[in-house]
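Okay, structure first, notes after.
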Amino acid sequence: GQRWQLKNPRNGRVTAIVDAAAIFEHIINKAWETGDPGIIFATAMEAGNPTPWIGKYESTNPCAEQPLLPYEACVLGSINLTHCVNATTGDNRVESPVVGFNFRKLEELTRLGVGFLDRCIDIQAYTLPEIEAMHKNGNRKIGLGVMGYADVLSQMGIRYGSPAALDLAMRIMSTIQETAHDESQNLGRAINKPFPNYNSTGEGMYKYFPEDHLYFQPRRNATVTTIAPTGTISIIAGCSSGIEPHFALSTKRTNVLDGEDLYDFNPVLKKVLSTLMAEEHAELSRFVADNGFLPDYAPSELIARFPTVVGNDIEVEDHLRTQAAFQKHTDNGVSKTVNLPKECSRGHR
1 GQRWQLKNPR NGRVTAIVDA AAIFEHIINK AWETGDPGII FATAMEAGNP TPWIGKYEST
61 NPCAEQPLLP YEACVLGSIN LTHCVNATTG DNRVESPVVG FNFRKLEELT RLGVGFLDRC
121 IDIQAYTLPE IEAMHKNGNR KIGLGVMGYA DVLSQMGIRY GSPAALDLAM RIMSTIQETA
181 HDESQNLGRA INKPFPNYNS TGEGMYKYFP EDHLYFQPRR NATVTTIAPT GTISIIAGCS
241 SGIEPHFALS TKRTNVLDGE DLYDFNPVLK KVLSTLMAEE HAELSRFVAD NGFLPDYAPS
301 ELIARFPTVV GNDIEVEDHL RTQAAFQKHT DNGVSKTVNL PKECSRGHR
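If you want it as structure tokens, here you go:
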């Protein structure tokens, strides 16, 4: 295989010459055995650093959607996209659901979210003065993202990973990106003060995005968009998490405090099943409650609207293309899980 220089990340010195293919094979073997290690492409990550003269990215948060400088923080929040589904034009039919997406409402929620997150920077308590200096009085990063994407697709009758789904993903995130940057600029103009570390000359900022006007305008926040996994807040909001597909259409969670079992049934599917005859409704509901996915004998249109991870309905490429569609219009990173079947081999493609 190709020979690579192995460099010490602390000082850049070459410590050894290694076989790239052998390292990649070792990574694959360990990932197949344990799910680790995680890999960071440091050069690509650093290319999106808006303030390289302040410092370099050293790592990310645990879910990897937020690269940060030493002592830096970022306030995250997510828009529940199901609130933008135009219920007045839709219904719950199994076949050909008539439903639209309200982009004007998405813009309103985006502006509200940016203002809310920016204010959180000023009112929150800081455990260390270094964090306050870098975050509140430095880059003022926020990360507005989304959740409920899979629910929106099911409501609109669009299959996860399909061309129509990817087109909707890019339209949603490009709307959020442009609106969020515009609102951050408005906040900066309102008090005549962009984020303190802003470089008025633009020199050194986003050197890999010279053609994109969004990144160079004076604004209140160094970054404005991030897509987090939303594992907990999506449960509270009653929607699907982040940009993930439906892991299962029914779940059982055990309360660790008292051992009580908590059962969830996908609310979108529940509404759709209510349009079926009583006998079909009851039978399909029982199957989903027991298995987490729809049976093969369910209407094909219904299965297409509600693919699941546990049902092995979603290909690896569906995950990756979805992540790429959202990442194209996101300042920071996109948290995404790619689920493989348990029986996959090391050479699985």
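Quick note: the sequence shown uses the numbering used here, first residue 1, plus one each step.
Quick reminder that beta carbons are idealized off the backbone N, C-alpha and C, glycines included.
Bear in mind that the values here come from a model prediction, so they are computed numbers and not experimental data.
Asked                                                                                                                                                                                   : Found
Does DSSP classify Trp32 as helix, strand or coil?                                                                                                                                      : helix
Indicate the three-state DSSP secondary structure (helix, strand or coil) for Lys193 in the structure shown.                                                                            : coil
When you compare each of Gly161, Ile172 and Val224 to Ser187 by their alpha carbons, which one comes out closest?                                                                       : It should be pointed out that residue 187 corresponds to Leu in this sequence rather than to Ser. The option with the nearest alpha carbon to Leu187 is Val224.
Compute the beta-carbon to beta-carbon distance between His319 and Lys336, rounded to the nearest angstrom, for a pair I have assumed lies under 8 Å.                                   : 6 Å
Out of Asp118, Tyr149 and Asp151, state which residue places its alpha-carbon closest to the alpha-carbon of Asn137.                                                                    : Asp118
Would you give the residue range spanned by the alpha helix (DSSP H) that Met235 belongs to?                                                                                            : A small fix is needed here, since residue 235 is Ile in this sequence, not Met. Ile233 to Ala237 is the extent of the alpha helix (DSSP H) around Ile235.
Report the rounded CA-to-CA distance for His281 versus Ser274, giving the unit in angstroms.                                                                                            : 6 Å
Give every residue of the same chain whose Cβ lies closer than 6 Å to the Cβ of Leu407, excluding the five residues on either side of it in the sequence, and list them in chain order. : No statement about residue 407 is possible, as the shown extent of the chain runs from 1 to 349 and does not include it.
For the segment 262-273 and the segment 284-300, state whether three or more C-beta atom pairs, one from each stretch, are separated by less than 8 Å.                                  : yes
Kindly list the residues whose CB is nearer than 7 Å to the CB of Ile358, restricted to its own chain and excluding five residues on each side of it in sequence; keep chain order.     : What is shown of the chain runs 1 to 349, which leaves residue 358 out entirely.
Mind checking who Ser59 pairs with in its DSSP beta bridge?                                                                                                                             : Leu68
Express the C-alpha separation of Cys74 and Ile176 in angstroms, rounding to a whole number.                                                                                            : 18 Å
Going by alpha carbons, who is nearest to Glu72 out of Gly311, Asn29 and Lys141?                                                                                                        : Lys141
Could you compute how far the alpha carbon of Lys252 sits from the alpha carbon of Asn266?                                                                                              : 12 Å
Measuring only the C-alpha atoms, how far is Trp32 from Ala304?                                                                                                                         : 29 Å
Cβ of His246 within 8 Å of Cβ of Ala150?                                                                                                                                                : yes
Among residues of its own chain, excluding the 5 on either side of Asn197, which ones have a beta-carbon nearer than 6 Å to its beta-carbon?                                            : Thr51, Ile54, Gly138 and Asn139
Helix, strand or coil for Thr15, going by three-state DSSP, please let me know.                                                                                                         : strand
Rounded to whole angstroms, how far is the Cβ of Ala248 from the Cβ of Val310, which I believe are closer than 8 Å?                                                                     : 5 Å
Tell me, to the nearest whole angstrom, how far the beta carbon of Asn29 is from that of Arg346; I am working on the premise that it is less than 8 Å.                                  : 6 Å
Which residues share a DSSP beta bridge with His329?                                                                                                                                    : DSSP lists no partner for His329.
Give me, in chain order, the residues of the same chain whose beta-carbon lies closer than 6 Å to that of Thr15; leave out the 5 immediate sequence neighbours on both sides.           : Leu6 and Asn8
Between Leu109 and Ile79, is the Cβ-Cβ spacing less than 8 Å?                                                                                                                           : yes
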